[in-house]
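**Q** Residue numbers (my numbering), protein chains in the order written: chain X, 4 to 366; chain H, 107 to 458.
Even for Gly, the Cβ is constructed at its ideal location relative to N, Cα and C.
Remember, it's a predicted structure, so these values are computed and weren't measured experimentally.
Below you'll find the structure I mean.
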C-alpha cells in the first residue's frame, strides 16, 4: 500500500512544482489544499478495493494505448477463407498443447487474444470520449440551470426530462441506425479526418465505413449521456448557491462566470468525479451492447460486443471460449472502473477523510 | 402549495415533455436517408402504384410538419397502423406490452426477494463476510456485460438442464381472450379496468382459471427474469444496506435506544425511515423493466415491447417507433409520478 501512497505523493509534488513555476508562490498560497490532496492519497492507498481497481484501470489504459501496436495479428485478414479448419479453434494451453493460439480463434481464424487488444483500444476510446463530452455538456447546463433559475432553469429541466423519458438504449439505437450513412459520406470526402479517426481507434483508414459507425455510436451515446450530469449538478448547485460565500462573491462584484467556475464548480466536483469513474464502466458496457445489437462497427473490426454477438450464433458448441474470454475482458474493464469509483466515493467524501485523519492522529 | 396543486402541476409538465419526445423521435426517424416506404412494401410488391398509395396514406408527399401533425393526430385518435403487419399499432403494442409486464413483474419479484433480505442482513452485520459478499455481488452485477450473463444462464439452465424453453410465449385460450375483451361491454366502468389487467396474458389466464398457462408463463420467463434481477440485485442490496445504516446512525435511533426500546421496535423504526431511497430505486428499476429490456428480449427471444421497438427501428417502421416511444416515455413519467406519491404516503413529513 505504501508504494501507492508514495507514487501519488510524487504526482502531487510534480503538479505543485509545475504550478509554482507558472505562478510563483502558488504552493504556499494553496498549502491547505495540497495537504488535503495528500490526505486523499493516503486514504486511497489505505483502500484495498481502490488500489485493486486503480491497478486494473491502469492495465486497461496501458493496453488501450499499446494494444493495437503490440497486437501480433492483423485483424483484416480472413484466414478461414484459405483454411476453413482454423474457424473457432478451441483454447490450447502450453503444457498440454502447442502450435495454436493459446485461447483459440474466432470465426475468421484470428487469435482472439490479439483481437481483444484492438478491442481494448476501441472500447476505451468510445467510453472516454462519450463520458468526456457527456459530462462537459451536462456540467455546463447543470451549472447554468441551477445558478440562473427561472425561465432558463425551466427550459433546461424540461429538455433533460425529455431526454430522460426516452429509454436510453432505444434512443441510442435510433441514432446509431440513422447516422452512419450520413457520416460515411462525410468521411469519404474528408480524408484528413478519416486518418485522425483511424489513428485514434487503431484501425486502418480503409475501414472508414466502420469508422462512421463508431462515430455514430459516439454521437448516439453523448446524446443520451448528459442528462444524468445535468440533474446531479443542478441539485448540488441549488444547495451550494445559498451559502454566504456565494453572496460575498456577488457583493465583491465578481462576474457570474467567475462565480460559477471559481466558487461553485469546485464544490460540486467530487460527486461528478465519482460519477465519471462509474460512467466509464457503464459506457464501456453500453457501447458493447450497442454493437452486440449490430448497431456498431461491422466486419472486420474486432469490437468486443460485436465479436461476442457473432460468436453467439455458434454458442455453445463451438464458440464457448470466445464468449467466455471476451466477456471476461469486458468484465475486467468495467470492474476496474467500478472498483475505482467505489473507493473514490469514500476518498472524496470529506467526512470519511476527517474520520481517517482523526483515527491516524490518535494512533 | 398543497398536494393536489403539486400533482396537477406535475401532470401539466407531462405535456411539453411528451411533445418533445414525439418531436425528437420524429426528427430522428425523418432523418433516415433510406426510403422507408420501399422497406415497408417489400421487394415482392414493389410496383409504382403500391408505393404511391402507401406514400399518400402516410403523407410522405407532404412537408415534414404536416406529416408530423398527421402522425400525432393518428396517434392520439388511436388509428395508427403498422405498415408491415397491416394491423393497428396499438393492438400490437398492447399485446407486446402485456408480455413485457409479465417479464417485469416476475423479474421484480426476484429483485425484491434477492435485494431486500441481502441488504438488511448486510446492514445488520456490517463489515462481515455477508456485507463483503453483497459489495462484490453489486460490483460484479454492474460490471458484467448483460448478454454474456444471458448466454451462460442459457447454457446451464437450457442447454444442459432443460428447465425452460426459448420459443413462443404461453397465451390463454381463445375463448378466454374473447371473454376478457368482451368485459367492457358487459360491465360499464369496472369492465375496462378488469379487461386491461386481463390483457396481460398471465392475469387473463388466471381470471379464466387456466392455471396451466400461468405455470407455463413462469417456466418460460423465469430465466430472463432471474438474469435481469441478478444484474441489479446487488445494487439494490447496497442501497438497502446504506439507507438502513444512514438511518441507524441518526439521533432518533439513539434516542429510541436510550429510552430502552426493544431491538425489534428499533429496527421497525429504522426500516420505515429507510424505505424512501429504497422505494425510489425500486420504482425506477421497475419503470426501466417496463420500458422493455431490449437485449434480454432479443437474446431470450421474447416478443415484448423492447424487441418490437428494436425491430421497428431496424426496419424503419416509423409509426411503430413513434407510438412505442410515446408509450415508453409515458410509462417513465407515470412511474416517476407514482414514486413521488408513494413518498408522501410513506413519509408524512414530505408535503409538496
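1. Using the Cα positions of residue 296 (chain X) and residue 204 (chain X), report the straight-line distance between them to the nearest angstrom.
2. Which of the three DSSP states is assigned to residue 108 (chain X) in this structure?
3. Mapping the DSSP letters down to three states, classify residue 187 (chain H) as helix, strand or coil.
4. What residues are listed by DSSP as bridge partners for residue 114 (chain X)?
5. Chain H partners of residue 315 (chain X), CB-CB under 7 Å?
6. Alpha carbon to alpha carbon, how far is residue 234 (chain H) from residue 227 (chain H)? Give it in angstroms, no decimals.
7. Check the C-beta distance from residue 278 (chain H) over to residue 307 (chain H) and give it rounded, since I have them as a contact under 8 Å.
8. Using a Cβ cut-off of 8 Å, pull out every chain X residue sitting near residue 404 (chain H), in sequence order please.
9. For residue 194 (chain H), name the three-state secondary structure that DSSP assigns.
10. List the endpoints of the continuous alpha helix (DSSP H) containing residue 282 (chain H).
11. Could you give the DSSP three-state label for residue 316 (chain X): helix, strand or coil?
12. List the residues of chain H that residue 372 (chain X) touches, going by C-beta distances under 7 Å, in chain order.
13. For the stretch 256–286 of chain X, enumerate the residues whose C-beta is nearer than 7 Å to any C-beta of chain H, in chain order.
14. Within this structure, are the beta carbons of residue 89 (chain X) and residue 108 (chain X) separated by less than 9 Å?
15. Would you say residue 131 (chain H) reaches chain X, if we count a Cβ-Cβ gap shorter than 9 Å as a contact?
16. Counting only beta-carbon separations shorter than 9 Å, does residue 327 (chain X) have a partner in chain H?
17. Buried or exposed for residue 128 (chain H), going by 16 or more other Cβ atoms inside 10 Å?
18. Quick one: what does DSSP say residue 198 (chain X) is sitting in, helix, strand or coil?
19. In angstroms with no decimal places, state the Cα-to-Cα distance between residue 292 (chain H) and residue 197 (chain H).
20. Would you verify that the beta carbon of residue 449 (chain H) is, or is not, closer than 9 Å to some beta carbon of chain X?
21. Which whole runs of the beta strand (DSSP E) in the stretch 42–123 of chain X are 3 residues long or more, in chain order?
22. Give me the Cα-Cα distance between residue 194 (chain H) and residue 301 (chain H), rounded to the nearest whole angstrom.
23. Starting from residue 328 (chain H), follow the alpha helix (DSSP H) in both directions and report where the run begins and ends.
24. Do residue 136 (chain X) and residue 225 (chain X) come within 9 Å of each other at the CB atom, strictly closer than that value?
25. Grab the span of the alpha helix (DSSP H) containing residue 267 (chain X) for me, first residue to last.
26. Kindly indicate the opening and closing residues of the alpha helix (DSSP H) around residue 213 (chain X).
27. Quick check: residue 249 (chain H) and residue 195 (chain X), are their CB atoms within less than 9 Å of each other?
28. Can you give me the Cβ contacts of residue 273 (chain H) inside the same chain, cut-off strictly under 7 Å, excluding the 5 residues immediately before and after it?
29. Grouping DSSP H, G and I as helix and E and B as strand, with all else coil, what is residue 399 (chain H)?
30. Can you confirm whether the stretch 100–118 of chain X touches the stretch 39–57 of chain X when touching is taken to mean that 3 or more C-beta pairs between the two stretches lie within less than 8 Å?
31. Name the chain X residues whose beta carbon is nearer than 7 Å to that of residue 354 (chain H)?
32. Can you have a look at residue 122 (chain X) and say buried or exposed, based on whether 16 or more other CB atoms are within 10 angstroms of its CB?
33. Could you name the residues of chain H that residue 319 (chain X) contacts, counting a contact when the two beta carbons are closer than 7 Å?
34. In three-state DSSP terms, what is residue 322 (chain X)?
35. Taking the alpha helix (DSSP H) that residue 31 (chain X) falls in, what are its first and last residues?
36. From the DSSP output, in three-state form, read off residue 189 (chain X) for me.
**A** With the given structure in hand:
1. Along the first chain, read from residue 1 onward, the residue named residue 296 (chain X) stands at position 293. Along the first chain, read from residue 1 onward, the residue named residue 204 (chain X) stands at position 201. When rounded, the distance between both Cα atoms is 20 Å.
2. Against the first chain, residue 108 (chain X) aligns to sequence position 105. Residue state, collapsed to three classes: strand.
3. As a working note, residue 187 (chain H) is residue 81 in the second chain. It is a strand residue.
4. Within the first chain, numbered from 1, the residue matching residue 114 (chain X) stands at position 111. According to DSSP, residue 114 (chain X) bridges with X:108.
5. On the first chain, residue 315 (chain X) is found 312 positions in, with the first residue counted as 1. Residues of chain H passing the Cβ test: 257.
6. Mapped onto the second chain, residue 227 (chain H) falls at position 121. Mapped onto the second chain, residue 234 (chain H) falls at position 128. Between residue 227 (chain H) and residue 234 (chain H), the C-alpha separation is close to 10 Å.
7. Taking the first residue of the second chain as position 1, residue 278 (chain H) is located at position 172. Taking the first residue of the second chain as position 1, residue 307 (chain H) is located at position 201. Residue 278 (chain H) to residue 307 (chain H), Cβ: 6 Å. Contact.
8. For this step, residue 404 (chain H) is matched to residue 298 along the second chain. Under the 8 Å cutoff, chain X gives 296.
9. As a first step, residue 194 (chain H) is located in the second chain; it is residue number 88 there, counting from the start. Of the three classes helix, strand and coil, the one that applies to residue 194 (chain H) here is strand, per DSSP.
10. Your numbering for residue 282 (chain H) matches position 176 in the second chain. That run of the alpha helix (DSSP H) goes 280–287.
11. To locate residue 316 (chain X), count along the first chain from 1; it is residue 313. Three-state result, residue 316 (chain X): coil.
12. With chain X represented from 4 up to 366, any question about residue 372 (chain X) goes unanswered, as that position is not in the structure.
13. 284
14. Counting from 1 along the first chain, the entry for residue 89 (chain X) is found at position 86. Counting from 1 along the first chain, the entry for residue 108 (chain X) is found at position 105. In contact: residue 89 (chain X) and residue 108 (chain X) (Cβ atoms closer than 9 Å).
15. Looking up residue 131 (chain H) in the second chain gives position 25. Yes, its Cβ sits closer than 9 Å to a Cβ of chain X.
16. Reading the first chain from its first residue, position 324 is the one you call residue 327 (chain X). Yes - at least one Cβ of chain H is within 9 Å of the one on residue 327 (chain X).
17. The sequence position of residue 128 (chain H) within the second chain is 22, counting from 1. Burial call: buried.
18. For the purposes of this step, residue 198 (chain X) is taken as the residue at position 195 of the first chain. Three-state result, residue 198 (chain X): helix.
19. As a first step, residue 292 (chain H) must be located in the second chain, where it is residue number 186. As a first step, residue 197 (chain H) must be located in the second chain, where it is residue number 91. Going by the C-alpha atoms only, they are around 21 Å apart.
20. Taking the first residue of the second chain as position 1, residue 449 (chain H) is located at position 343. Not one chain X Cβ lies under 9 Å of residue 449 (chain H).
21. none
22. Translated into positions along the second chain, residue 194 (chain H) becomes position 88. Translated into positions along the second chain, residue 301 (chain H) becomes position 195. Approximately 18 Å, taken between the alpha carbons.
23. What you label residue 328 (chain H) is simply residue 222 of the second chain in a count that begins at 1. Where residue 328 (chain H) is concerned, the enclosing alpha helix (DSSP H) stretches over 317–354.
24. As a position in the first chain, residue 225 (chain X) is number 222, starting the count at 1. As a position in the first chain, residue 136 (chain X) is number 133, starting the count at 1. Yes.
25. The residue you call residue 267 (chain X) lines up with position 264 of the first chain. Segment: none, residue 267 (chain X) is in no alpha helix (DSSP H) and carries neither H nor E.
26. Indexing the first chain from 1 puts residue 213 (chain X) at position 210. Unbroken alpha helix (DSSP H) run through residue 213 (chain X): 211–243.
27. Here residue 249 (chain H) refers to the residue found at position 143 of the second chain. Here residue 195 (chain X) refers to the residue found at position 192 of the first chain. Against a cut-off of 9 Å, the Cβ pair of residue 195 (chain X) and residue 249 (chain H) comes out as no contact.
28. By one-based count along the second chain, residue 273 (chain H) stands at place 167. Hits under 7 Å: 407.
29. As a first step, residue 399 (chain H) must be located in the second chain, where it is residue number 293. Residue 399 (chain H): coil per DSSP, three-state reduction.
30. no
31. By 1-based counting over the second chain, the position of residue 354 (chain H) is 248. Those do not exist, as residue 354 (chain H) stays about 16 Å from chain X at its closest Cβ, beyond 7 Å.
32. Position 119 of the first chain, counting from 1, holds the residue named residue 122 (chain X). With 16 or more Cβ atoms within 10 Å of its Cβ, residue 122 (chain X) is classed as buried.
33. In the first chain, residue 319 (chain X) corresponds to position 316, counting from 1. Under the 7 Å cutoff, chain H gives 261 and 265.
34. As a first step, residue 322 (chain X) must be located in the first chain, where it is residue number 319. DSSP places residue 322 (chain X) in coil when its eight states are reduced to three.
35. Looking up residue 31 (chain X) in the first chain gives position 28. That run of the alpha helix (DSSP H) goes 29–32.
36. In the first chain, counting from the first residue as 1, residue 189 (chain X) sits at position 186. If DSSP states are grouped into helix, strand and coil, residue 189 (chain X) belongs with the helices.
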